[in-house]
Every structure is written in C-alpha cells, then in structure tokens.
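Going down the list, the protein sequences come from chains A and B. In terms of this note's numbering, the first sequence opens at residue 80 and continues consecutively. In terms of this note's numbering, the second sequence opens at residue 80 and continues consecutively.
There are 2 protein chains.
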Amino acid sequence: MTERSSSKAQAITSEVRRRIVDREWRQGDRIPDEAELAVEFGVARATVNKALQMLAEEGLLDRKRRAGTHVTVNPARKATLTIPIVREQIEQAGMEYSHRVIAQKESPIPAEIARRMELPEGRLLIHLRTVHYGDGKPFQVEDRWINPGAAPGVAGIDFHRVNANEWLVRNAPWLRADMAFSAENANARDARLLETRQGSALLILQRTTFNDLGAITTVRVAFHPGYAMIATH
Amino acid sequence: MTERSSSKAQAITSEVRRRIVDREWRQGDRIPDEAELAVEFGVARATVNKALQMLAEEGLLDRKRRAGTHVTVNPARKATLTIPIVREQIEQAGMEYSHRVIAQKESPIPAEIARRMELPEGRLLIHLRTVHYGDGKPFQVEDRWINPGAAPGVAGIDFHRVNANEWLVRNAPWLRADMAFSAENANARDARLLETRQGSALLILQRTTFNDLGAITTVRVAFHPGYAMIATH
DNA sequence: TTTTACTCTATGTCTAAACTTATTTTGGCA
DNA sequence: TGCCAAAATAAGTTTAGACATAGAGTAAAA
Chain A
80 MTERSSSKAQ AITSEVRRRI VDREWRQGDR IPDEAELAVE FGVARATVNK ALQMLAEEGL
140 LDRKRRAGTH VTVNPARKAT LTIPIVREQI EQAGMEYSHR VIAQKESPIP AEIARRMELP
200 EGRLLIHLRT VHYGDGKPFQ VEDRWINPGA APGVAGIDFH RVNANEWLVR NAPWLRADMA
260 FSAENANARD ARLLETRQGS ALLILQRTTF NDLGAITTVR VAFHPGYAMI ATH
Chain B
80 MTERSSSKAQ AITSEVRRRI VDREWRQGDR IPDEAELAVE FGVARATVNK ALQMLAEEGL
140 LDRKRRAGTH VTVNPARKAT LTIPIVREQI EQAGMEYSHR VIAQKESPIP AEIARRMELP
200 EGRLLIHLRT VHYGDGKPFQ VEDRWINPGA APGVAGIDFH RVNANEWLVR NAPWLRADMA
260 FSAENANARD ARLLETRQGS ALLILQRTTF NDLGAITTVR VAFHPGYAMI ATH
C-alpha cells in the first residue's frame, strides 16, 4: 500500500486514489464494500469508512446504502478557496499595509443591496467605502454595507480608526455566507481609487454574511487589475 | 441542544456554532476539552471529536494537542467552489447545449504554458480551442493544451466529435489541480468568439491538472460577460 | 401484469476502551 | 537564574462491536 502519511485512513485514501488514477477501478465501477476492504487492508471497518467518506466528500466516490460505493462518473471539480484577511495577505507578501476610508455614512439601501441582504428596500444601513494599499499601491477597493440590526455594537464604531473587516470578523461571527466571483470593467470611481484606467477588467468578489438575526454585511471587493485568486485541490 | 440534524455529531456542531455566534465563546477563548463536552452532551468522546474536527476544518476552531481547542481569532473565509461540467451547467439552466471546435492541432508549447504545466518549453502538445453554447449563445471559450504523455490514448481522439472535457474526465483522472480566477479585457479573438465587444471584462478560470505522469491538461476558460461563479458556505 | 409488503445488505453512526503523539508544564539540577 | 528531563495533558487514531436506516431486490397478493 502507498503509505503517504502516518495514519492508516490516509494510507487507504492514497491507495484508493491510486487505483482510480491508474484505472484499476474505472468511472462507474462498484468497488469492494467496506468489510472486504477492511480485511484486505487489515484494519477495522471504521477506518475504511473514514477513508471512503473523505474521498466521497472530495467527489471521487459516490456512496449509497445498500447500493455500495461507486467511482463517480462525472466528478464535478471542487476547489476550496481561502479568502484571507486583506491585511494579512498584504503583509504576507512582504508589503506594508495601509488603508483609507473614503466614506462612512448612514444611507438607505438601494434595491440591489436589499436583494442581496434579504432586507426591505430603503432600510438605513452603514455604508462604507475603503481602499486597501500594499506599499502605497492600491490593492483592493471595498464597498460595504453593514446592518446594525444583526451586528450589535457596530453603531458607535468609527471605521476610520478601526478596520471594518477585522472588527466584523472578531465581533460578528456568521452562520452562512454567499459568495460570487465575476468580472467588471472599471467604472470611473474604481479606476480612480485603484489608480488604473477606466474600463480595465477587474476581478470582483461579492460576499454577504448572515447570522440568526439576518444579514450582517455585504461587500463588493474590486481587486487591482491583474490580481488572481488561487485555489489548489 | 439545537437539534438541527439527526446525527449527534451534527447536533454538537450546531450547538458549538451557536455558542460562538452568540458570543458565549469568543474569539481566542479556550473551550472545554473533548472529555468534558462528552459528559455535557452525554455522548462518547469520539463523537465530540468528530464534531470538533468538522468545525476545525471549516476554520471556526483551532485545535492543538495538549493546548486544547480555541475559537479561531481571525477566521479566514473558506469557500468551496464546485465547477460543473459545462454541458451539465447549460442543460441544468434549461438551455440546449452545443459546442464548436475552432482548432485542433499539435503545436510546440509557449513559455507560459510550459511553466503552468511544469514541462520543457517547445514540447509538442495537442492544442484545442472550443466554444460552448447555450441555446446558440456563446457561454464560454476554452483554450486547452493536452499532454499525451500523461493522458495515454488521447493521441487518436478526434475532438471534433468527442467533447474534450468529458473525455478527459472519464479517461484521465487527476491527483492534483491548480486553479486561478482572474479578470481580463476581451482580446479580439475572445470578443469574436463570445460575440461581445473587444475590451469587455471577462471572468477567466485557469486550471491545470496533474497525475503521477505529470501535467495532463491546462485550460483557460473565458466566460461570457456578466457570468458569475457562485459559492455558498 | 402491476402493486405491495417484506427481507436483506451496505453504509451511517455511535460507543467504550486503549494506545499514540505533540506540546506544555513542572520540578530538579547546575 | 537558566537549562533540561520527566510528567502530565489534550487531541489524534484505531478497534471491535452494536444498532440504525436507506433503498435495492424479491416474493406474495391483487
């Protein structure tokens, strides 16, 4: 068996992966059941179960009671993205972090924001626009709405002094988050704040977080031109 | 306890999540150890272990031997993206799928592709350009390089008849994948194939897959303007 | 033939107990 | 005081055994 890690379960996942990649077990094939594999690998069934569940979560295997375990026919590609705190990302790249709050005020939310936050249109929320810099060069522009109704204590905060991102992370943990990536041509404001030309292609990340009180915050992040969001699997 | 699911482990994750969201346990706090929680919830330690490991994987908890379990201070947002097979995505949207192969030929790889595939520059690979349509409207443009050295059997395939994506998924499972999202202004070719104007912002996905023989394929997918890649957590 | 009821099976989950291992704490010694 | 070895601790992993449950297969009834 390919012993790629210390744990037996890990070794089993490696071996099963190898058999699939080497096409000993092909897409659609039914593989031996847990009890048989437990005997083959000389471990308890619970250990095989753990290994196969990991592979099922990855999307490599389909498991169903009574029907057994099959190699997935059309594995949808899954990728885990880690969206780091801006400041940490910039500092890890060896640059000096700074940020500037362009505007902080209470405003009634427009329809689009209301839809994303599942709130009635016109509700008064905190509206915040911030630019984050690495070594003085614009890194990303944030356009954020914060709902004091779901983030108690936010009302008195002056986000010129406190980083909104970090305040929220520490003070308003969420239960659910929606995310979407898209591309937009820089509008006049984006272009000015990111110090680029109007129309250049920007990677846009929109994220809305919810707790049991409703939407906490929604943010549109525009990254500087050329930025790439990396994921590995 | 908040019984959101049938399983005890799931119920424990819900309850722990609730305590964190309700700030009974705050960022940085050390939470009771597994044995204590097992007594509190009236389950075996292994069940608590399973629940807490799930939350640790989500990034909500930090766990270290002897040091105990702490609520993560700066939880990096993690999101799992599922990149569906184009055809399924289009058909699920209720549209009719079609595709057109623009070019299929053997070419020496340029430097950029060589770097991505970890292959020597100038190696001869299969180069493929395809447009995928939904109800006749361009959905995405694929620019793909395939390495026959890592995908045995690919040499004889006519990708005008067989969908490359699906052939690869079925015949060349991978062990590792690199992915990157970015935004680019449509060049003349992108614009023509996607039937949009030059310069419009396109979401670009680059993906390279590897097995034990090396890089299998690398692909640059340009989505039609306005497309958004969705993820939920 | 079709429907229904039952049986059987492979996975799902949990338990108690043991052992392993990383890491912190402590206490002895220089 | 500072350093090192030993002890303690909390998570990590595995095991054997048990029971639960979805759902495929089968046999009986309509």
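C-beta atoms are modelled at their ideal positions from N, C-alpha and C, and glycine is treated no differently.
Check, Outcome
"Cβ-based burial, isoleucine 181 (chain A) [other Cβ within 10 Å; buried from 16]", "exposed"
"Rounded Cβ spacing between methionine 133 (chain B) and threonine 92 (chain B) (contact assumed at less than 8 Å)", "5 Å"
"Length of the line joining the Cα atoms of glutamine 171 (chain B) and leucine 282 (chain A)", "26 Å"
"Distance CB(asparagine 226 (chain B))-CB(glycine 293 (chain B)) smaller than 8 Å", "yes"
"Distance between alanine 301 (chain A) and arginine 276 (chain A) (C-alpha atoms, nearest Å)", "14 Å"
"C-beta neighbour in chain A for leucine 247 (chain B), strict 8 Å", "no"
"Residues near glutamine 219 (chain A) by beta carbon distance below 6 Å, same chain, minus five either side", "His211, Val300 and Phe302"
"Asparagine 290 (chain A) versus A:Ala230, A:Arg202, A:Ala307 and A:Thr126, residue with shortest Cα-Cα distance", "A:Ala230"
"Exposed unless 16 or more other CB atoms sit within 10 angstroms - verdict on proline 163 (chain A)", "exposed"
"Asparagine 244 (chain A) beta carbon less than 8 Å from that of asparagine 165 (chain A)", "Reading off the sequence, residue 165 (chain A) comes out as valine, not asparagine. Cβ atoms of valine 165 (chain A) and asparagine 244 (chain A): closer than 8 Å."
"Local conformation of valine 248 (chain A) per DSSP, three classes", "helix"
"C-alpha gap between proline 199 (chain B) and alanine 193 (chain B), whole angstroms", "6 Å"
"Min CB distance alanine 90 (chain A) to chain B below 8 Å", "no"
"Outcome for arginine 350 (chain A) when other beta-carbon atoms lying within 10 angstroms are tallied against a minimum of 16", "Residue 350 (chain A) lies beyond the range of chain A shown here (80 to 312); nothing can be said about it."
"Residues near alanine 265 (chain A) in its chain [Cβ-Cβ closer than 7 Å; skip 5 each side]", "Leu273, Thr275, Gln277, Gly278, Ser279 and Leu281"
"Test item: CB-CB of alanine 135 (chain A) and arginine 142 (chain A) under 8 Å", "yes"
"Buried versus exposed, by CB contacts within 10 Å (16 or more), alanine 90 (chain A)", "buried"
"CA-to-CA distance, arginine 156 (chain B) to valine 248 (chain A), given in whole angstroms", "10 Å"
"Short-range partners of chain A found in the stretch 294–308 of chain B, where Cβ spacing is below 9 Å", "Phe302, Pro304, Gly305, Tyr306, Ala307 and Met308"
"Any beta strand (DSSP E) of 3 or more consecutive residues that is wholly inside the stretch 115–184 of chain A", "140–143, 147–150 and 156–162"
"Contacts that threonine 311 (chain A) makes with chain B (C-beta to C-beta distance below 9 Å)", "Arg255, Ala256, Asp257 and Met258"
"Check whether methionine 308 (chain B) and alanine 259 (chain A) have beta carbons under 8 Å apart", "yes"
"Three-state secondary structure assigned by DSSP to isoleucine 91 (chain B)", "helix"
"Rounded C-alpha distance that separates arginine 255 (chain A) from valine 298 (chain A)", "14 Å"
"Residue from B:Asp112, B:Ala130 and B:Asn153 whose Cα sits closest to the Cα of alanine 146 (chain B)", "B:Asp112"
"Isoleucine 236 (chain B) beta carbon less than 8 Å from that of tryptophan 224 (chain B)", "no"
"Reference lysine 87 (chain B), options B:Arg97, B:Glu221, B:Asp257 and B:Phe120, closest by Cα", "B:Phe120"
"Three-state secondary structure assigned by DSSP to glutamate 263 (chain B)", "strand"
"Residues near lysine 129 (chain B) by beta carbon distance below 8 Å, same chain, minus five either side", "Ala88"
"Residue interval of the alpha helix (DSSP H) (run including alanine 193 (chain A))", "190–196"
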